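Asks:
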Amino acid sequence: MDLRPNIAIDGPAGSGKSTVARRVAEELGYLYIDTGAMYRAITLKAYRAGVDFDDMDALGEVATNASVELVAGPDRSLKVLLDHEDVTEEIRSPYISRCVSLTARAPKVRKRLVELQRTMAKQGGVVMEGRDIGTVVLPDAQIKIYLMASPEERSRRRLKELSAKGYKIGLHQMQAEILERDRLDATRKIGPLTPAADAEIINCTSLSVEQVVRMITERILAGR
171 MDLRPNIAID GPAGSGKSTV ARRVAEELGY LYIDTGAMYR AITLKAYRAG VDFDDMDALG
231 EVATNASVEL VAGPDRSLKV LLDHEDVTEE IRSPYISRCV SLTARAPKVR KRLVELQRTM
291 AKQGGVVMEG RDIGTVVLPD AQIKIYLMAS PEERSRRRLK ELSAKGYKIG LHQMQAEILE
351 RDRLDATRKI GPLTPAADAE IINCTSLSVE QVVRMITERI LAGR
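Every number in this note's numbering is 170 more than the matching position in the sequence shown, counting from 1.
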C-alpha cells in the first residue's frame with residue numbers, strides 16, 4: 171500500500187503556518203508536527219539551565235540530553251512534553267519567542283531535532299511545519315507550501331495571540347522582534363528560512379485561515 175503523502179509547510183514567524191498546518195491535518199486525518207515547538211522546548215530547557223545562547227556547544231548538549239515529545243490530547247490539541255513535563259503554554263512566552271532563533275542556529279540542536287522529525291515522518295501522512303521542512307527536513311515531501319504575509323499583518327496576528335494569553339507588548343516592539351527573527355532565520359548557516367524550489371508560495375496577508383486551508387487540502391485531494 172502506498173504511504174500517504176507528507177506535507178511540508180514553511181514560513182516566517184506569524185505567517186499562520188501553525189494554525190493552518192493543524193487545520194489541514196485535522197481535515198485529512200494526518201499527524202500534525204509543530205517543529206517550532208520542539209525548538210522552543212530546547213530553548214526553555216537552556217533558559218532554565220542558564221545556558222549562554224551564544225554557546226553553540228552548550229546548546230547542543232542541552233538538546234542531546236533532552237526528551238521532547240509532541241502528544242495529541244483528547245481534544246486534538248497538541249501538548250509539548252519536555253523531559254515528560256507539559257510545557258505547552260510556557261514555551262509560547264515572549265522571552266522564548268525572542269530566543270528560539272538563537273537556539274535554532276546551533277548545529278547540534280538542529281541535527282538532533284531533524285533526526286527526531288524525520289523519524290516521525292517515516293510512515294507518511296504527516297503535516298509538518300517549520301522553517302526548513304521542505305528544504306532540509308523533508309526535501310522529498312510530496313506537497314510543499316511556503317506561507318508568507320506582510321510584517322505588519324504578522325505582527326498583528328502575533329499580538330492577538332499573546333494578548334489572549336495575558337502578555338502585553340506594543341505593536342512597534344512586536345514588529346521589530348518579527349523582523350529580527352526573520353533576519354536571524356534567513357541568515358543562519360544551517361537550514362536557513364527560504365522557500366523550497368518546488369514549493370507553492372501562498373501570500374496569506376489578506377486571506378482567512380479557512381481560505382488557506384481549503385487551497386491546500388484541495389490540492390492534496392486532487393492528487394489522490
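All residues carry an ideal CB built from backbone N, CA and C; glycine is no exception. This one's a predicted model, so the numbers in the text were calculated from it and none came from an experiment.
For Ile177 and Gly184, what's the separation of their Cα atoms in angstroms?
Replies: 19 Å
Asks: In three-state DSSP terms, what is Leu433?
Replies: What the structure shows of the chain is the stretch from 171 to 394, and residue 433 is not part of that stretch, so it cannot be assessed.
Asks: If you count every other CB in all the chains shown that lies within 10 Å of the CB of Ser378, and 16 or more means buried, which is it?
Replies: exposed
Asks: Mind reading off the beta-carbon distance from Tyr200 to Leu248? Whole number of angstroms is fine, and I expect it under 8 Å.
Replies: Tyr200 to Leu248, Cβ: 13 Å. No contact.
Asks: Taking DSSP as the reference, what is the three-state secondary structure of Val296?
Replies: strand
Asks: Quickly, what does DSSP pair Tyr152 with across the bridge? List them, please.
Replies: Residue 152 is absent from the model: the chain starts at 171 and stops at 394.
Asks: Is there a Cβ of chain B sitting closer than 8 Å to that of Tyr316, yes or no?
Replies: In the structure shown, chain B cannot be found, because there is only a single protein chain.
Asks: For Met318, list the residues DSSP reports as bridge partners.
Replies: Asn373
Asks: What's the call for Gln381, buried or exposed, on a 16-neighbour Cβ count within 10 Å?
Replies: exposed
Asks: Pick out whichever of Gln293, Asp253, Glu255, Lys314 has its Cα sitting closest to the Cα of Arg389.
Replies: Lys314
Asks: In angstroms with no decimal places, state the Cα-to-Cα distance between Thr289 and Glu239.
Replies: 12 Å
Asks: Leaving out the 5 sequence neighbours to the left and right, which residues in its chain are closer than 8 Å to Met208 when beta-carbon positions are compared?
Replies: Val238, Leu240, Val250, Leu283, Leu286, Gln287
Asks: With distances taken Cα to Cα, identify the nearest neighbour of Met226 among Asp204, Gly181, Val257, Lys281.
Replies: Of the listed residues, the one whose Cα sits closest to Met226 is Lys281.
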